[in-house]
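Participant: In my numbering, the protein residues as written are 3 to 183.
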């Protein structure tokens, strides 16, 4: 049974990416659990603050959540054709919480954007970061949801059947990878 943490890289209440993370949870195949997490409560990284006070409790909690799962599904927005600062900040803090926490961690990426290109550039910009952290990036699947604003219903959930199927197929593929099948 694969356990996946879907981490949304957006803080916005009506986030397309948090909705996508919830869709991953809802579309997970039988035997796979997907837990959804956000970066709420993670402060801006400050080396002086780290030296004086250590790793914040919010970062330690998120680290424990990640390590309690078999894989990390990074659900990344794209801001100005790149990595969102809030998401990079969270990953930077996490890398400080245990320098080896990412070493060998199974990671996959998806993302949603109102643009016509989805999160193509953001996902590409994450590659050197994930390589530096020595993650095991699952690259057999790729998912960039374009025009996300047209696929989310009034309740803030992904409602497009074709998108839901793609999400389910992506999560199933990542779960098979995590289970070694």
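All C-beta atoms in this analysis are idealised placements derived from N, C-alpha and C, irrespective of residue type, glycine included.
Going by DSSP, what residue range makes up the alpha helix (DSSP H) through residue 180?
Facilitator: 163–180
Participant: Quick check on residue 71: buried or exposed, where buried means 16 or more other Cβ atoms within 10 Å of its Cβ?
Facilitator: buried
Participant: Quick one, are the C-beta atoms of residue 26 and residue 4 less than 7 angstroms apart?
Facilitator: no
Participant: Looking only at its chain, what residues have a beta carbon closer than 6 angstroms to the beta carbon of residue 120, apart from the 5 residues adjacent to it on each side?
Facilitator: 146, 147 and 148
Participant: Which two residues bound the contiguous beta strand (DSSP E) that contains residue 113?
Facilitator: 108–114
Participant: Would you mind sorting residue 24 into buried or exposed? The rule is 16 or more other CB atoms within 10 Å of its CB.
Facilitator: Classification of residue 24: buried, given that the 10 Å Cβ count is 16 or more.
Participant: Relative to the alpha-carbon of residue 43, which residue among 164, 87, 108 and 59 has its alpha-carbon at the smallest distance?
Facilitator: 59
Participant: Buried or exposed for residue 118, please, with buried defined as at least 16 other CB atoms from any protein chain shown within 10 angstroms of its CB.
Facilitator: Residue 118 sits exposed, since fewer than 16 C-beta atoms from the chains shown fall within 10 Å of its C-beta.
Participant: DSSP three-state label for residue 69, please.
Facilitator: helix
Participant: Looking at residue 160 and residue 168, is the spacing between their C-beta atoms short of 7 angstroms?
Facilitator: no
Participant: Nearest to residue 95 by alpha carbon, out of 85, 12, 151 and 46?
Facilitator: 46
Participant: Helix, strand or coil for residue 75, going by three-state DSSP, please let me know.
Facilitator: Residue state, collapsed to three classes: strand.
Participant: Compute the Euclidean distance between the alpha carbons of residue 127 and residue 84, then round it to the nearest angstrom.
Facilitator: 6 angstroms
Participant: In terms of alpha-carbon separation, which member of 11, 49 and 21 lies closest to residue 156?
Facilitator: 21
Participant: Count the other CB atoms, across all protein chains shown, that sit within 10 Å of the CB of residue 152; report buried if there are 16 or more and exposed otherwise.
Facilitator: exposed
Participant: Alpha carbon to alpha carbon, how far is residue 51 from residue 113?
Facilitator: 31 angstroms
Participant: Using DSSP's beta-bridge definition, name the partner residues of residue 5.
Facilitator: 35
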